[in-house]
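In this note's numbering, the protein residues as written are 1111 to 1429.
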Amino acid sequence: MSPELTGALIALLVPLSFGTGMLLARVGLVHIPAGAGNFVSLVVGWVLIASITAVLHPDALFGVTLGTFAWLAMIGIINFPGGRFLNFVSMKNLGILRANPVLAMAPIISAFEGVVFLGERLNWAIAGGTLLTVTGVIVAVYGEVKARGGETQRPAAPTPPPDGKRLGLIERRPRLFGYLAAFGAAWAYGTITVLGRVAVTDLTVPLVTATYTMLVGFIAMGVLSSRSIPVMLRDAPRRALLSVAVGGLFMSSGVAFLYLALSKAPVIVVSPVFALNPVVALVLAHFFLQRLERITLPLVLGTLFAVSGVIAVIIGTQL
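As structure tokens, this is what we get:
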């Protein structure tokens, strides 16, 4: 079995882990603020990954150079506070239906950066599979939001401030900034796979990469959510905390699988498989959180497109 095929198969565990983790976290986040919930899930998951890394790679874990740590910290900052913040801004100013097609471009950005900066080579199967996967994600998420009554609405016209002051540029052009934020989030999510590929091939092992990127991520999220964390820990139902924590274990495993896959296969192979996250989460949610008959045609078609795209990418690793 070639390293590329091995990496593609390992990458299949990434959306499965993230999808399961998102399902469990969603149950708990009903009673917990999102920022604080993300912090808890990151901390619990980091403890698991750091413990495994300390046992399997103690020398690599405690022997990272300052330059390596800076690279891993950059990945953590781009991924967690960077990508997530821009994602939230785009959702707020555009809504899910307008933001999702832009956010789904992350694998295409990954492929472009992989070819330009890492010298990776696309073939027709991988290129076509990437486009199929992106199309499937857009169709599935778009159809899901429409089925739940989340039709796009124009942002409300900004009301003039009572003191007669002029509105700022963001308030006057919310949709423009929404699209800029969506492109920024897509760039962030597309770039972390490229930076991660460099980390696991040139700097350190996958588990150490996961450990330090998550460490920086939960520190940053903790700073941003510092006000809500004490209140959440005091008032949140223990069951909700447990659900978020277990979800964090699964999602952190997904992070580790992502870097392990990137150590075996190039970005152009891993990123389309990684993009299956929202589709897997939607399918699992329909089976475990909703009635089975509520599965929609766009979800089925989107899933078929996405899975076909991944199959094409896997075939492309052997060409």
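Here a beta-carbon is modelled for each residue, glycine too, at the ideal position from N, C-alpha and C. All figures in this text were calculated on a predicted structure; none of them were measured in a lab.
Of the residues assessed, A1180 falls on the exposed side of the cut-off, its CB having fewer than 16 other CB atoms within 10 angstroms. Rounded to whole angstroms, S1151 and V1356 show a C-alpha spacing of 8 Å. Taking 4 residues as the minimum length, the alpha helix (DSSP H) runs contained wholly in the region 1295-1354 are 1316-1334, 1338-1345, in order along the chain.
Selection L1139, P1191, L1133, V1137 evaluated against M1324 yields P1191 as nearest (Cα-Cα). In this structure, the alpha-carbon of G1332 lies about 13 Å from that of P1143.
Annotation: M1215 is outside any alpha helix (DSSP H) and is labelled neither H nor E by DSSP.
Between A1385 and V1255, the C-beta gap is not smaller than 8 Å, which leaves the two residues out of contact. When DSSP states are grouped into helix, strand and coil, S1418 belongs to the helix group.
When S1200, G1155, I1120 are compared, the shortest CA-CA separation from S1353 is found for G1155.
In the displayed model, M1184 falls within a helix according to three-state DSSP.
In this structure, DSSP gives P1143 a state outside helix and strand, which the three-state scheme calls coil.
The beta carbon of H1167 sits closer than 8 Å to those of V1315, L1317, V1318, all from its chain and outside the five residues before and after it, given in chain order.
In terms of CA proximity to G1129, S1363 leads the group S1363, V1249, A1164, W1297. For V1249, same chain residues with a beta-carbon under 7 Å away, outside a window of 5 residues either side, are P1408, L1411, G1412, F1415 in chain order. Considering only T1116, D1169, V1225, F1149, the residue with the shortest C-alpha distance to S1335 is F1149.
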